[in-house]
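**Student:** Can you keep this structure in mind? I'll have questions shortly.
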Amino acid sequence: MSRAVLPMAPKVPHSSASGGDVDRIITNSIRRRTNVGPLRQPTTRTRLSLACRVSRRRHHRRAIRKLQSLGLVIATVGAMLLIAGAPVADAMVSPLLPIAHISSAGLPQDLLIYDRHGTLLADIAQQGDHRIVVPLGSVAPLMLKATIAIEDRTFYRNDGLDFVAIARAAFDNLKSRRIVQGGSTITQQLAKQLFIGPHAPATFQRKMKEAILAMVLTNRYSKSAILETYLNTIYYSDQAYGVEAAAETYFHTSAASLTLAQASLLAGLPRAPTAYNPILHPQAAHQRQLEVLAAMVKERYVSATEARLAGAARLRMFAPANTVRAPHFVRYVLNILRQKFHVTPWTRRAVKVFTSLDVALQDQAEQAVQAQVLGPGRYYNFRDAALVSLDPHTGEIMAMV
Numbered sequence: 045m046s047r048a049v050l051p052m053a054p055k056v057p058h059s060s061a062s063g064g065d066v067d068r069i070i071t072n073s074i075r076r077r078t079n080v081g082p083l084r085q086p087t088t089r090t091r092l093s094l095a096c097r098v099s100r101r102r103h104h105r106r107a108i109r110k111l112q113s114l115g116l117v118i119a120t121v122g123a124m125l126l127i128a129g130a131p132v133a134d135a136m137v138s139p140l141l142p143i144a145h146i147s148s149a150g151l152p153q154d155l156l157i158y159d160r161h162g163t164l165l166a167d168i169a170q171q172g173d174h175r176i177v178v179p180l181g182s183v184a185p186l187m188l189k190a191t192i193a194i195e196d197r198t199f200y201r202n203d204g205l206d207f208v209a210i211a212r213a214a215f216d217n218l219k220s221r222r223i224v225q226g227g228s229t230i231t232q233q234l235a236k237q238l239f240i241g242p243h244a245p246a247t248f249q250r251k252m253k254e255a256i257l258a259m260v261l262t263n264r265y266s267k268s269a270i271l272e273t274y275l276n277t278i279y280y281s282d283q284a285y286g287v288e289a290a291a292e293t294y295f296h297t298s299a300a301s302l303t304l305a306q307a308s309l310l311a312g313l314p315r316a317p318t319a320y321n322p323i324l325h326p327q328a329a330h331q332r333q334l335e336v337l338a339a340m341v342k343e344r345y346v347s348a349t350e351a352r353l354a355g356a357a358r359l360r361m362f363a364p365a366n367t368v369r370a371p372h373f374v375r376y377v378l379n380i381l382r383q384k385f386h387v388t389p390w391t392r393r394a395v396k397v398f399t400s401l402d403v404a405l406q407d408q409a410e411q412a413v414q415a416q417v418l419g420p421g422r423y424y425n426f427r428d429a430a431l432v433s434l435d436p437h438t439g440e441i442m443a444m445v
């Protein structure tokens, strides 16, 4: 039990101090404790300043009491849910919080158009947002480890909530007198993205709903299903949703081919996608990458030497760009998709279109057209030209300029 310690008045030696000395010592002691100068009648300005300080202190005390109450309620309810277990929590909230089947395949995705050899011609998305869903087996193991190490190191052991992380976040919030940490697990983040909204305010009701939904998801779905949906849902900045879109946006590679250096950089983005954007804020992104690597070393996913080499590696980054190869042909394909199959980029379904075009022949056709425009075109005064190459046996379009 803690005891309050009252400040003691300074000891005064009775044998050597007169009555006036004692009064002077007591007066000086009071002045030191209250941090005021010589006693005088307070002015209007002094009273206003004192009133402002008192108001601020009351505001801070109220804020601390609210944070303490919030932490107490969350801890109490969390403990009850932990004791009851995820199945009991699921049964309690199912009538109130119906959860549809979670699946990465149901997420809105880009419309992808390829040539006959599988070379990407166009990645078309609504309003510039990009997402390409991939199964968990098509994500580099280092990316999985980096994500778990920095976002939720107890992911495979917890029931959707990490009470140690929640307690640590509550302590930091109380110490800072504001919300500086959330303590959310991967499952909580997924619940927020799918059922609450990524921009919902951090209210008590939202955090409790998020926690309960996380436990329900843990009870209903495997850790692999949760992690796969998370990696295909989370935002990585520059309109890249999901790890595959992020890998292609920044490194022009696939999620399956990510190196340790690349994976550790991407894994650090979801916490603050804009602040850690590697194109806009490379220094902040690198500092966050080092934090991810340190977390991976702590979890023994990689060695200290591997982390040091990855942190020192010079990554080749690409600014976001959505180039379209064979644009006239792509427009032709989009018209056919809309007219015959009622498929548009706004359908937002997982659509991959493999066409008859041959990229190698397309490049030759574009060079031939350019040579004609720059050569005879100047003499005959024409600036535009067109070319369509067909397979004489099947009638398939091989190139279109």
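Here the sequence shown stands for residues 45 to 445, where the numbers follow this note's numbering.
Think of the CB as a built atom: it goes at the ideal place given N, C-alpha and C, for glycine as much as any other residue.
#1: Figure out for me which residue from V417, P436, E440, N366 has the closest Cα to the Cα of A429.
#2: Is the distance from the Cβ of R332 to the Cβ of Y345 below 7 Å?
#3: At the level of alpha carbons, what is the spacing between T318 and A329?
#4: Taking 7 Å as the cut-off, decide whether the C-beta atoms of L334 and G355 are in contact.
#5: Measure the C-alpha to C-alpha separation of R393 and F199 and round it to an integer number of angstroms.
#6: Which residues share a DSSP beta bridge with A447?
#7: From F398 to R250, what distance separates their C-alpha atoms?
#8: Quick check: what's the CA-CA separation for P185 versus V336?
#9: Using 8 Å as the threshold, is the segment 180-195 in touch with the segment 420-428, meaning 3 or more CB pairs across them?
#10: Pick helix, strand or coil for M187, following the three-state DSSP scheme.
#11: Could you check what DSSP says for I298 in three-state terms: helix, strand or coil?
#12: Quick check: what's the CA-CA separation for D402 versus A311?
#13: Taking the continuous alpha helix (DSSP H) assigned at M442, which residues delimit it?
#14: In this structure, how does DSSP classify A339 when only helix, strand and coil are distinguished?
#15: DSSP three-state label for D203, please.
#16: Would you report the Cα separation of A48 and A357, rounded to the nearest angstrom?
#17: In terms of alpha-carbon separation, which member of H386, A316, V178 lies closest to E272?
#18: Identify the residues that DSSP records as bridge partners of I168: which are they?
**Tutor:** Let's see:
#1: Position 385 of the sequence shown, counting from 1, holds the residue named residue 429. Closest by alpha carbon: V417.
#2: Reading the sequence shown from its first residue, position 288 is the one you call residue 332. Reading the sequence shown from its first residue, position 301 is the one you call residue 345. Against a cut-off of 7 Å, the Cβ pair of Y345 and R332 comes out as no contact.
#3: On the sequence shown, residue 318 is found 274 positions in, with the first residue counted as 1. On the sequence shown, residue 329 is found 285 positions in, with the first residue counted as 1. Those two C-alpha atoms are separated by around 10 Å.
#4: Start at 1 with the first residue of the sequence shown, and residue 334 comes out as number 290. Start at 1 with the first residue of the sequence shown, and residue 355 comes out as number 311. Yes, they are a contact pair.
#5: Residue numbering aside, residue 393 sits at position 349 when the sequence shown is read from its first letter. Residue numbering aside, residue 199 sits at position 155 when the sequence shown is read from its first letter. Approximately 30 Å, taken between the alpha carbons.
#6: As shown, the chain starts at 45 and ends at 445. That puts residue 447 outside it, with no answer to give.
#7: Position 354 of the sequence shown holds residue 398. Position 206 of the sequence shown holds residue 250. Rounded to whole angstroms, F398 to R250 spans 44 Å at the Cα level.
#8: Counted from its first residue, the sequence shown places residue 185 at position 141. Counted from its first residue, the sequence shown places residue 336 at position 292. P185 and V336 have their C-alpha atoms spaced approximately 15 Å apart.
#9: They do not touch, by the three-pair rule.
#10: As a working mapping, residue 187 is identified with position 143 in the sequence shown. In this structure, M187 counts as helix in the three-state DSSP scheme.
#11: Your numbering for residue 298 matches position 254 in the sequence shown. At residue 298 the sequence reads Ser, which differs from the Ile that was named. Per DSSP, reduced to three states, the secondary structure at S298 is coil, with no helix or strand assignment.
#12: Locating residue 402 in the sequence shown gives position 358, counting from the first residue. Locating residue 311 in the sequence shown gives position 267, counting from the first residue. Cα-Cα distance, rounded: 36 Å.
#13: Position 398 of the sequence shown, counted from the first residue, corresponds to residue 442. Boundaries around M442 are those of the beta strand (DSSP E), 441-444, since no alpha helix (DSSP H) includes it.
#14: Locating residue 339 in the sequence shown gives position 295, counting from the first residue. Helix.
#15: For the purposes of this step, residue 203 is taken as the residue at position 159 of the sequence shown. Correct three-state label for D203: coil.
#16: Residue numbering aside, residue 48 sits at position 4 when the sequence shown is read from its first letter. Residue numbering aside, residue 357 sits at position 313 when the sequence shown is read from its first letter. Only weak support exists for where A48 lies, its pLDDT of 41 falling under 50; the value from the coordinates is given anyway. Separation of A48 and A357 (C-alpha to C-alpha, rounded to the nearest whole angstrom) is 55 Å.
#17: Taking the first residue of the sequence shown as 1, we reach residue 272 at position 228. Nearest option by C-alpha distance: V178.
#18: To locate residue 168, count along the sequence shown from 1; it is residue 124. The partner list for I168 (beta bridge, DSSP) reads L155.
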